[in-house]
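Trainee:
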Amino acid sequence: MKLVHMASGLAVAIALAACADKSADIQTPAPAANTSISATQQPAIQQPNVSGTVWIRQKVALPPDAVLTVTLSDASLADAPSKVLAQKAVRTEGKQSPFSFVLPFNPSDV
């Protein structure tokens, strides 16, 4: 019985050792020599976004006045209606799929 406990403990130890963080082995590049930001330049702040491509599976042409609406909503509460976090509507202007979109959102709303 003790042999089973020792063997299972050894198996767990080997599995954990295999999952060890090896990030110390990865070299990070040095920053560029001229990384200062002047007073006229503002650093670009990336806002989180949802991006993707809309494909229409049916072999149907869209009308020239079609509007594509992409909505990001929080539906985490079962007993409340979903809250719209971000929405974007674009006129297709006669173009056909695929349509790419980028929908920025505020992470504090999630």
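In mature numbering (1 follows the signal peptide of the UniProt record, and there is no 0), the protein residues as written are -17 to -1, 1 to 93. Every residue gets a Cβ at the ideal spot worked out from N, C-alpha and C, and that includes glycine.
Please determine, among L(-15), K78, F88, the residue with the shortest C-alpha to C-alpha distance to A44.
Mentor: Taking the first residue of the sequence shown as 1, we reach residue 44 at position 61. Per the Cα distances, K78.
Trainee: Evaluate contact between the stretch 70 to 86 and the stretch 31 to 40, counting only Cβ atoms and requiring at least three cross-stretch pairs below 8 Å.
Mentor: A contact exists between the stretch 70 to 86 and the stretch 31 to 40.
Trainee: Taking P87 as the reference, which of T54, E76, K66 has the closest Cα?
Mentor: Position 104 of the sequence shown, counted from the first residue, corresponds to residue 87. Closest by alpha carbon: T54.
Trainee: Can you tell me which of the three DSSP states D48 falls into?
Mentor: For the purposes of this step, residue 48 is taken as residue 65 along the sequence shown, with counting starting at 1. In the structure shown, D48 sits in coil (DSSP, three-state: anything other than H, G, I, E or B).
Trainee: Closest to R74 by CA distance: which of P46, S(-10), A63, N32 is it?
Mentor: As a position in the sequence shown, residue 74 is number 91, starting the count at 1. When only C-alpha atoms are compared, the closest one is P46.
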